[in-house]
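Engineer: Starting off with a structure, shown below.
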Amino acid sequence: MISLAGRDIMHAWGKFVFTGVGLGLLIGVTLSMAGIYRGMVDDGKALLDNSGADLWVVQKDTLGPYAEPSSIYDDGWRGIRSMPGVARTANVTYLTMQVRHGERDVRTMVTGVTAGGPGTPGWPPYLVAGRQITRSHYEAVADIASGFKLGDCLQIRRNSYTVVGLTRRMVSSGGDPIIFIPLKDAQEAQFLKDNDAIRQQRRRTASNPAFNRPQVPGLLDAVIASQSTNSYINAVLVQIEAGRDADEVAESIRRWKRLTVYTRSQMEEILIGKLIATSSKQIAMFLVILSIVSAAIVAFIIYTLTLGKIREIAVLKLIGTKNRTIVGLIMQQAIALGAIGFVVGKITATLLMAPIFPKYVLLEPLDSVRGFVAVLMICVLSSIIAIHAALKVDPAEAIGG
Amino acid sequence: MSSKGIHIEGLRKRYGSGDTAVDALKKVDMLVAPGEVVGLIGPSGSGKSSLLKCLGAVIEPTAGRMTIGDEVIYSNAWKVRDLRALRRDKIGFIFQAPYLIPFLDVTDNVALLPMLAGKPNADSRKQAVKLLQSLDVDHRAKAMPSQLSGGEQQRVAIARGLVNRPPVILADEPTAPLDSERALAVIRILNDMARKFETAIIVVTHDEKIIPTFKRIYHIRDGVTYEEAGEGRGFE
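These protein sequence lines map, in sequence, to chains A and B. The first sequence begins at 764 in this note's numbering and counts up one residue at a time. The second sequence begins at 239 in this note's numbering and counts up one residue at a time.
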């Protein structure tokens, strides 16, 4: 038996392919949405992987440093370093801000890292160009996605930094490229007030008789000096010794240091389960809406194609065509439409949307397989209305009268 | 009576029930022998379409008896379980418009019926081409229906009606859209094919041009058939 669906498609292939391309663009958007979600999860995991930490020590009862603000003293690392099972510690600060680059500015996450070298927690694990930070001030390593190049000068608050190294896939959980700068500079950028505010504070302190006491020389200067320095960081990154259980080490730090400690799995849960939860739900809603819209479009297209063949279907039924042949004609067309749409959608998502989309779009092969199955199922389900209409056609319509 | 052809006795068809019941067919008696072409003529609303649908096993009559060849297909109820197969194997249809499947070429339009009956594609196509040859339209075997003239389309439709060698063919105004010359050519072909394949052909028509060609004519009026000898010119 010949394939009636195949012949019908070949007969009007232009119309069919054009319809498939239209559907494909919609499927492309749907696949891209799934890719954006995967990209967000991957961004979160990349942030954790690239930090090189096994434990994150943060302010007590906070979800810091990524999901909530966290401030702890910058000398706390010494005590943590001495805890059993701890191999290395490093202070770190994170500040999401607009960084000026010439006449435009770039949204970035400025990360302050302690002096050290590759392998130190918080440091970029690898570079694609240039070198790591070697000076204590005014040098930066930027993610390539920020648009900075080696030798570029970038402005953070009052200070200018020279880009000495470039790295790749160092992004925040929101997908913003990371710029690494020395910790001291980062502390200043994060906690230091502007000049007017400092002058105003000095005046207020000087006008306070409790601090400005002529009989205690040097008190006012000491108080002002303490107000001008910053001794806070956002978190201490901890690497544990090989073979040690992260939960045990974390529990020990929690108990003795009265700080909150997160393991890798807990931090992943915070990033994916809490930080991007709302975005995930939004994307899930978009996926559901797009799936329903796709189903409605496929149903409408197949229904319209079927209505255009009512007379032929009546003739086919009159000359003895079985219902299953007619069902096959419609369902095969729906599946073919879905297959064309999926191929177009996959190409659109991979070659057109992913490269130009401002966020990282991760198209996983398994998602494509799931998407293909879902598209075929939607097409089969969508063809039910058309099949119902076709089976209701009375063969007597071919005779007329 | 011949052992083949179609024999209809006391066929009735009632639509609805109670006060709203309409008797479309009150008493239809027909006998068409194999190789014979008869005309069925009647004004609008006389019951022609209802009769055609009953004969085509598309709607169920209310009472009566219908025999195709030696097989009783209706006797106050359908006696055949698979009406679809009955239509495919025992009844050929030729319509006023050709109603060819637009996405199949001429050969496959004709070969579709044997294929539906389970015959291999190659054999079905061979059979179709042979029939197209006998109808002198085999040179358009690979053409699509939209590329054919009206007369060619009607000949292909005739080939489709004949391809499974059904004992009965129902032709519903097959010459309506054609001019005199082509209309007579179609009737000539139907007569030739009826003789060649021993097929009983019932032609429903209003067409004054072809009415004189029938040897026998059935008139239908208010659901009742009357037989009349035609001018019998035929095409012998």
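Beta carbons are placed, not taken as given, at the ideal position from N, Cα and C, and that holds for glycine.
What span of residues does the beta strand (DSSP E) with B/Ala-438 cover, start to end?
Structural biologist: Here the question's residue 438 of chain B lines up with position 200 in the second sequence. Residues 438-442.
Engineer: Starting from the Cα of A/Ala-1097, find the closest Cα among A/Leu-1079, A/Ser-994, A/Phe-1063, A/Ala-830 and give me that residue.
Structural biologist: Along the first sequence, read from residue 1 onward, the residue named residue 1097 of chain A stands at position 334. Here the closest residue by C-alpha is A/Phe-1063.
Engineer: Please classify A/Arg-932: does DSSP put it in a helix, a strand, or coil?
Structural biologist: Translated into positions along the first sequence, residue 932 of chain A becomes position 169. It is coil, neither helix nor strand.
Engineer: When the Cα atoms are used, what is the spatial distance from B/Ser-240 to B/Lys-357?
Structural biologist: For the purposes of this step, residue 240 of chain B is identified with residue 2 of the second sequence, where counting begins at 1. For the purposes of this step, residue 357 of chain B is identified with residue 119 of the second sequence, where counting begins at 1. With a pLDDT of only 43 at B/Ser-240, under the threshold of 50, the placement of this residue in the model should not be trusted, and no figure is reported.
Engineer: Should A/Ile-1089 go down as buried or exposed, given a rule of 16 or more other Cβ atoms within 10 Å for buried?
Structural biologist: For this step, residue 1089 of chain A is matched to residue 326 along the first sequence. It is buried - the Cβ of A/Ile-1089 has at least 16 other Cβ atoms within 10 Å.
Engineer: At a threshold of 7 Å, does A/Met-803 count as lining the ligand NAP (C-beta to nearest heavy atom)?
Structural biologist: As far as ligands go, the structure on display features none, and thus does not contain the ligand NAP.
Engineer: Judging by CA-CA distance, which residue of A/Gln-978, A/Ala-973, A/Tyr-995, A/Ile-1033 is the nearest neighbour of A/Ile-987?
Structural biologist: For the purposes of this step, residue 987 of chain A is taken as the residue at position 224 of the first sequence. When each option's Cα is compared against that of A/Ile-987, the closest is A/Ala-973.
Engineer: Have a look at the DSSP bridge pairing and note the partners of B/Gly-330.
Structural biologist: Counting from one through the second sequence, the residue named residue 330 of chain B turns up at place 92. Per DSSP, B/Ile-407.
Engineer: Which residue from A/Thr-883, A/Ile-1035, A/Ile-944, A/Gln-953 puts its Cα closest to that of A/Thr-992?
Structural biologist: The residue labelled residue 992 of chain A in the question sits at position 229 within the first sequence. It is A/Gln-953 whose Cα lies nearest to the Cα of A/Thr-992.
Engineer: So, for B/Asp-361: in the same chain, excluding its five sequence neighbours on each side, which residues have a beta-carbon less than 8 Å away from its beta-carbon?
Structural biologist: Position 123 of the second sequence, counted from the start, is the residue given in the question as residue 361 of chain B. Cβ within range, chain order: Pro-352.
Engineer: Could you tell me whether the Cβ of A/Gly-1083 comes closer than 8 Å to any Cβ of chain C?
Structural biologist: Given the protein chain composition of this structure (A and B), no chain C is represented.
Engineer: Tell me which residues share the same chain as A/Ile-1076 and place their Cβ nearer than 7 Å to its Cβ, disregarding the 5 neighbours each side in the sequence.
Structural biologist: Taking the first sequence and counting its residues from 1, one reaches residue 1076 of chain A at position 313. Here the set comprises Ile-1089, Ala-1153, Val-1156.
Engineer: Would you mind stating whether A/Arg-978 and A/Pro-884 have Cβ atoms separated by less than 8 Å?
Structural biologist: Walking along the first sequence from the start, residue 978 of chain A turns up at place 215. Walking along the first sequence from the start, residue 884 of chain A turns up at place 121. With the sequence shown as reference, residue 978 of chain A is identified as Gln, and Arg is not the correct amino acid for it. No, the Cβ-Cβ distance between A/Gln-978 and A/Pro-884 is not below 8 Å.
Engineer: Taking contact to mean at least 3 C-beta pairs separated by less than 8 Å, is the stretch 310-318 of chain B in contact with the stretch 1046-1059 of chain A?
Structural biologist: Touching, no, given that fewer than three Cβ pairs across the two stretches are closer than 8 Å.
Engineer: Please confirm whether A/Ser-1146 and A/Ile-1093 have their CB atoms less than 8 Å apart.
Structural biologist: The residue given as residue 1146 of chain A occupies position 383 in the first sequence. The residue given as residue 1093 of chain A occupies position 330 in the first sequence. Yes, the Cβ-Cβ distance between A/Ser-1146 and A/Ile-1093 is below 8 Å.
Engineer: Considering Cα atoms alone, identify which of A/Glu-902, A/Arg-894, A/Pro-940, A/Trp-819 is closest to A/Asp-868.
Structural biologist: Residue 868 of chain A sits at position 105 when you count from the first residue of the first sequence. When each option's Cα is compared against that of A/Asp-868, the closest is A/Pro-940.
Engineer: May I ask you to report which of helix, strand or coil DSSP gives B/Leu-422?
Structural biologist: One-based indexing of the second sequence puts residue 422 of chain B at position 184. Helix, per DSSP.
Engineer: Examine the Cβ distances between the stretch 888-895 of chain A and the stretch 926-938 of chain A and report whether three or more of them are shorter than 8 Å.
Structural biologist: Segments in contact, yes.
Engineer: At a Cβ cut of 8 Å, what residues of the stretch 281-296 of chain B count as close to chain A, listed as they run along the chain?
Structural biologist: Listed in sequence order: Lys-286, Ser-287, Ser-288, Leu-290, Lys-291, Gly-294, Val-296.
Engineer: Got a sec: is the Cβ-Cβ distance from B/Ala-323 to anything in chain A below 8 Å?
Structural biologist: Position 85 of the second sequence, counted from the start, is the residue given in the question as residue 323 of chain B. By this cut-off, B/Ala-323 is an interface position.
Engineer: I need the straight-line Cα distance from A/Ile-1150 to A/Leu-788, nearest angstrom please.
Structural biologist: Indexing the first sequence from 1 puts residue 1150 of chain A at position 387. Indexing the first sequence from 1 puts residue 788 of chain A at position 25. Cα-Cα distance, rounded: 25 Å.
Engineer: What residue range does the beta strand (DSSP E) around B/Leu-263 cover?
Structural biologist: Against the second sequence, residue 263 of chain B aligns to sequence position 25. Residues 260-270.
Engineer: Going by C-alpha to C-alpha distance, which of A/Ile-790, A/Phe-943, A/Gly-882 sits closest to A/Met-860?
Structural biologist: As a position in the first sequence, residue 860 of chain A is number 97, starting the count at 1. Closest by alpha carbon: A/Phe-943.
Engineer: With DSSP as the reference, label A/Trp-840 as helix, strand or coil.
Structural biologist: Residue 840 of chain A sits at position 77 when you count from the first residue of the first sequence. A/Trp-840 falls in the helix class under three-state DSSP.
Engineer: Tell me which residues share the same chain as B/Gly-389 and place their Cβ nearer than 6 Å to its Cβ, disregarding the 5 neighbours each side in the sequence.
Structural biologist: Against the second sequence, residue 389 of chain B aligns to sequence position 151. Counting only Cβ-Cβ distances below 6 Å, and skipping sequence neighbours, we find Arg-420.
Engineer: At the 8 Å Cβ level, is B/Leu-354 part of the contact set with chain A, yes or no?
Structural biologist: Numbered from 1 along the second sequence, position 116 holds the residue referred to as residue 354 of chain B. Interface residue, yes.
Engineer: Could you check if A/Leu-1115 is buried or exposed, using at least 16 other CB atoms within 10 Å of its CB as the buried criterion?
Structural biologist: By one-based count along the first sequence, residue 1115 of chain A stands at place 352. So A/Leu-1115 counts as exposed.
Engineer: To the nearest angstrom, report how far apart B/Val-367 and A/Val-780 are at their CA atoms.
Structural biologist: Counting from one through the second sequence, the residue named residue 367 of chain B turns up at place 129. Counting from one through the first sequence, the residue named residue 780 of chain A turns up at place 17. Spanning the two alpha carbons is a distance of roughly 32 Å.
Engineer: Quick check on DSSP: helix, strand or coil for A/His-900?
Structural biologist: Here residue 900 of chain A refers to the residue found at position 137 of the first sequence. Three-state result, A/His-900: coil.
Engineer: Give a yes or no on whether the C-beta atoms belonging to B/Ile-439 and B/Leu-428 are separated by under 8 Å.
Structural biologist: Counting from one through the second sequence, the residue named residue 439 of chain B turns up at place 201. Counting from one through the second sequence, the residue named residue 428 of chain B turns up at place 190. Yes. Within cutoff.
Engineer: I'd like to confirm the pairing. Which residues does DSSP put opposite B/Ser-313 in its beta bridges?
Structural biologist: Residue mapping note: residue 313 of chain B aligns to position 75 of the second sequence, counting from 1. DSSP, once it has assigned bridges, lists B/Arg-303 as partnering B/Ser-313.
Engineer: With DSSP as the reference, label A/Trp-819 as helix, strand or coil.
Structural biologist: On the first sequence, position 56 is the one that residue 819 of chain A refers to. Correct three-state label for A/Trp-819: strand.
Engineer: Which residues of chain B have a Cβ atom closer than 7 Å to the Cβ of A/Arg-770, listed in chain order?
Structural biologist: Along the first sequence, one-based indexing puts residue 770 of chain A at 7. The contacting residues are Phe-341, Leu-342.
Engineer: Taking only three categories from DSSP, how would you classify A/Leu-1125?
Structural biologist: The sequence position of residue 1125 of chain A within the first sequence is 362, counting from 1. In the structure shown, A/Leu-1125 sits in coil (DSSP, three-state: anything other than H, G, I, E or B).
Engineer: Exposed or buried, what is A/Gln-963 when buried is set at 16 or more other beta-carbons lying within 10 Å of its beta-carbon?
Structural biologist: Taking the first residue of the first sequence as 1, we reach residue 963 of chain A at position 200. With fewer than 16 Cβ atoms within 10 Å of its Cβ, A/Gln-963 is classed as exposed.
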